[in-house]
Amino acid sequence: MQSCALSLLNPSGPQMEFVHCVMSRPDGSQEGKRCSEKFGISWAAVDSCMKSPVGTTLQLMAQEETLKLAPSGLGFVPTITFNKKYRQQDQREALQNFRGVSCRYFGSPNLPGC
1 MQSCALSLLN PSGPQMEFVH CVMSRPDGSQ EGKRCSEKFG ISWAAVDSCM
51 KSPVGTTLQL MAQEETLKLA PSGLGFVPTI TFNKKYRQQD QREALQNFRG
101 VSCRYFGSPN LPGC
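This is the structure in structure tokens:
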């Protein structure tokens, strides 16, 4: 869901805010529609993407990027990276405080609420 939604957002848009919205709840998978609508993404477009070859391609691309980070296999999903680098300490902290870790990496000019 996130791959499709993020592909529909402007690259310089609120991508981090969208991810934070989804990950801020214990079951982020249930937040997709609410967060999409909050950031002006058509849920119908996201749903259509998820059911299409485009959605499959986006997921395979994400999988490929993930495997580059951990070629021997992942110990946990979701695997959270910042600046395309995995750090176990960031992973643990981001699961509890995604905004805090995001602010540390990207700062207030790029992420409202820091």
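The letter at position 69 of the sequence shown is residue 69 when you use the numbering used here, and the numbering goes up by one with no holes. We put the CB at the ideal spot given by N, CA and C, even for glycine.
What does the alpha-carbon distance come out to for the pair residue i and residue j?
{"i": "GLN59", "j": "ARG92", "result": "23 Å"}
{"i": "ALA94", "j": "SER52", "result": "30 Å"}
{"i": "CYS21", "j": "ILE41", "result": "13 Å"}
{"i": "GLU31", "j": "ARG25", "result": "7 Å"}
{"i": "SER36", "j": "THR79", "result": "21 Å"}
{"i": "GLN2", "j": "CYS103", "result": "20 Å"}
{"i": "LYS84", "j": "LEU69", "result": "8 Å"}
{"i": "MET50", "j": "LYS33", "result": "12 Å"}
{"i": "THR57", "j": "ASP47", "result": "15 Å"}
{"i": "GLN96", "j": "ALA44", "result": "30 Å"}
{"i": "GLY55", "j": "LEU67", "result": "18 Å"}
In this structure, does DSSP put residue i in helix, strand or coil?
{"i": "LYS84", "result": "coil"}
{"i": "ARG104", "result": "helix"}
{"i": "LYS51", "result": "coil"}
{"i": "PHE39", "result": "coil"}
{"i": "PHE76", "result": "coil"}
{"i": "MET1", "result": "coil"}
{"i": "ASN10", "result": "coil"}
Compare the C-alpha of residue i against each of the options and name the closest.
{"i": "TYR105", "options": "THR81, GLN88 and GLN96", "result": "THR81"}
{"i": "PHE39", "options": "PHE98, THR56, ASN10 and LYS84", "result": "ASN10"}
{"i": "ARG99", "options": "GLY13, PHE18 and CYS4", "result": "PHE18"}
{"i": "CYS4", "options": "GLU65, MET61 and TYR86", "result": "MET61"}
If residue i sits next to residue j, beta carbons under 8 Å apart, how far is it from one beta carbon to the other, in whole angstroms?
{"i": "GLN15", "j": "LEU6", "result": "6 Å"}
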